[in-house]
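Notes for the one structure printed next.
Residue numbers (our numbering): 235 to 507.
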């Protein structure tokens, strides 16, 4: 695959060292994009780049940056590095995700780990990368890789870490609900950015134990993500997609009050350390 429809565009894919993120990076490179490959560690990132080159990507298309999203300071450094190296950013794919552990686990920043990695890091990146995204001239897109599990979730506004009544499935689902709810706030009116969330489908990735059953290859999930990145595919800001179509979402995803509330909570949790 090399149709070059993204040959003049730059994409940042978080969590691109494995699973849907790696396959998304591979497909975007196949469409000609310059791809910023984010990984948790340098070793994981370098290995991902070698595999991408082996899969047909050109090495000069790929740029690797490492940041551990359990540390918000590293998210900020990643954003600053990207802003310095790429004054224009066309695509931000917020794909990085982790399972919630069996027991409630807080990061050094004081947030439940899956809420931080799966949502707060994406929220912070979307803010810190707004200038290069806006510089794309009205065509920039943020694609948040969410989950159908968000529809089963509820936000615990008073205890977002869910410390008082913890369930790993509830914590993970809450992180996906937050990510889907925040999509519209990531692309304010007049910014020239379009932001959506997408269910990549049930895929065979490291998150599979949460679902308790088998799934499709990660490449299938990546196709659903990349479809929303292509310039000829029209997106509606703030919507939730599944299989290339706008899909039913949790009611809170479309509630103005909930959108404002999740943005305010995220700002508080990102900056409270």
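Positions of the beta carbon are idealized from the N, C-alpha and C atoms, including for glycine.
Under three-state DSSP, which class holds residue 346? What you label residue 346 is simply residue 112 of the chain shown in a count that begins at 1. Under the three-state reduction of DSSP output, residue 346 falls in the strand class.
Start-to-end residues for the beta strand (DSSP E) that takes in residue 378: Here the question's residue 378 lines up with position 144 in the chain shown. Residue 378 -> beta strand (DSSP E) spans 374 to 379.
Same chain, Cβ closer than 7 Å to residue 321, neighbours up to 5 away in sequence not counted: Sequence index remark: in the chain shown, residue 321 carries index 87 (1-based). Excluding residues within five positions, the ones whose Cβ falls inside 7 Å are 366 and 369.
What's the C-alpha gap between residue 235 and residue 282? In the chain shown, counting from the first residue as 1, residue 235 sits at position 1. In the chain shown, counting from the first residue as 1, residue 282 sits at position 48. In this predicted model, residue 235 has a pLDDT of only 49, less than 50, meaning its place in the structure is not dependable; the value taken from the coordinates is given anyway. Rounded to the nearest whole angstrom, the C-alpha separation of residue 235 and residue 282 is 19 Å.
Within its chain, find whatever has a CB closer than 6 Å to the CB of residue 412; leave out the 5 residues flanking it on each side and keep chain order. What you label residue 412 is simply residue 178 of the chain shown in a count that begins at 1. The residues are 353 and 496.
Alpha carbon to alpha carbon, what distance is there between residue 294 and residue 388? Locating residue 388 in the chain shown gives position 154, where the first residue counts as 1. Locating residue 294 in the chain shown gives position 60, where the first residue counts as 1. So the alpha carbons of these two residues sit roughly 43 Å apart.
Residue 480, buried or exposed, once every other Cβ within 10 Å from all chains shown has been counted against 16: By 1-based counting over the chain shown, the position of residue 480 is 246. When all chains shown are included, residue 480 counts as exposed.
Assigned secondary structure, residue 406 (DSSP; H/G/I helix, E/B strand, else coil): Position 172 of the chain shown, counting from 1, holds the residue named residue 406. Shown here, residue 406 sits in a helix according to DSSP, grouped into three states.
Okay, do the stretch 260 to 280 and the stretch 294 to 308 touch, 3+ Cβ pairs below 8 Å being the bar? Touching, yes, given that three or more Cβ pairs across the two stretches are closer than 8 Å.
Cβ atoms of residue 432 and residue 470: under 9 Å apart, would you say? Start at 1 with the first residue of the chain shown, and residue 470 comes out as number 236. Start at 1 with the first residue of the chain shown, and residue 432 comes out as number 198. Contact flag unset, no.
Assuming residue 244 contacts residue 329 (C-beta within less than 8 Å), just tell me the rounded distance between them. Translated into the one-based positions of the chain shown, residue 244 becomes position 10. Translated into the one-based positions of the chain shown, residue 329 becomes position 95. About 16 Å separates the two Cβ atoms, so there is no contact after all.
Spatially closest choice to residue 391 from 286, 373, 261 and 498, by CA coordinates: Your numbering for residue 391 matches position 157 in the chain shown. Measuring from the Cα of residue 391, the nearest candidate turns out to be 498.
What's the gap between the Cα of residue 371 and the Cα of residue 404? Residue mapping note: residue 371 aligns to position 137 of the chain shown, counting from 1. Residue mapping note: residue 404 aligns to position 170 of the chain shown, counting from 1. Those two C-alpha atoms are separated by around 39 Å.
Figure out for me which residue from 373, 343 and 364 has the closest Cα to the Cα of residue 395. Translated into the one-based positions of the chain shown, residue 395 becomes position 161. The option with the nearest alpha carbon to residue 395 is 343.
So, at 7 Å on beta carbons, what are the nonlocal neighbours of residue 421 in its own chain, with the 5 sequence-adjacent residues on each side left out? For the purposes of this step, residue 421 is identified with residue 187 of the chain shown, where counting begins at 1. So the list reads 376, 427, 428, 429 and 471, once near-sequence residues are dropped.
In chain order, which beta strand (DSSP E) runs of at least 3 residues are fully inside the stretch 285 to 343? Residue ranges of uninterrupted beta strand (DSSP E) with 3 or more members, entirely inside the stretch 285 to 343 and ordered along the chain, are 296 to 300 and 325 to 328.
Rounded straight-line distance, which links the Cα of residue 326 to that of residue 240: For this step, residue 240 is matched to residue 6 along the chain shown. For this step, residue 326 is matched to residue 92 along the chain shown. Cα to Cα, the separation comes out at about 13 Å.
Test item: CB-CB of residue 417 and residue 316 under 9 Å: For the purposes of this step, residue 417 is taken as the residue at position 183 of the chain shown. For the purposes of this step, residue 316 is taken as the residue at position 82 of the chain shown. In this structure, residue 316 does not lie closer than 9 Å to residue 417 by Cβ.
So what's residue 390 in DSSP terms, helix, strand or just coil? For the purposes of this step, residue 390 is identified with residue 156 of the chain shown, where counting begins at 1. Looking at residue 390 - three-state DSSP - the assignment turns out to be coil, as it is neither helix nor strand.
Decide if residue 357 is buried, meaning its Cβ has at least 16 other Cβ atoms within 10 Å, or exposed. For the purposes of this step, residue 357 is taken as residue 123 along the chain shown, with counting starting at 1. Classification for residue 357: buried.
Within 10 Å of its beta-carbon, does residue 381 have 16 or more other beta-carbons around it, so buried, or fewer, so exposed? As a first step, residue 381 is located in the chain shown; it is residue number 147 there, counting from the start. When all chains shown are included, residue 381 counts as buried.
Does the Cβ-Cβ distance between residue 249 and residue 331 come in under 9 Å? The count along the chain shown starts at 1 and reaches residue 249 at position 15. The count along the chain shown starts at 1 and reaches residue 331 at position 97. Closer than 9 Å, so yes.
Euclidean distance between Cα positions of residue 445 and residue 462: Indexing the chain shown from 1 puts residue 445 at position 211. Indexing the chain shown from 1 puts residue 462 at position 228. The predicted model places residue 445 with a pLDDT of 48, which falls under 50 and marks its position as unreliable; any figure quoted below should be read in that light. Across the structure, residue 445 and residue 462 are spaced so that their CA atoms are roughly 24 Å apart.
Is residue 484 closer than 9 Å to residue 415 when the C-beta atoms are compared? Within the chain shown, residue 415 is the residue found at index 181, counting from 1. Within the chain shown, residue 484 is the residue found at index 250, counting from 1. Yes. Within cutoff.
DSSP has residue 466 in a bridge; who is on the other side? Stepping through the chain shown from its first residue, residue 466 is reached at position 232. DSSP output for residue 466 lists no bridge partner at all.
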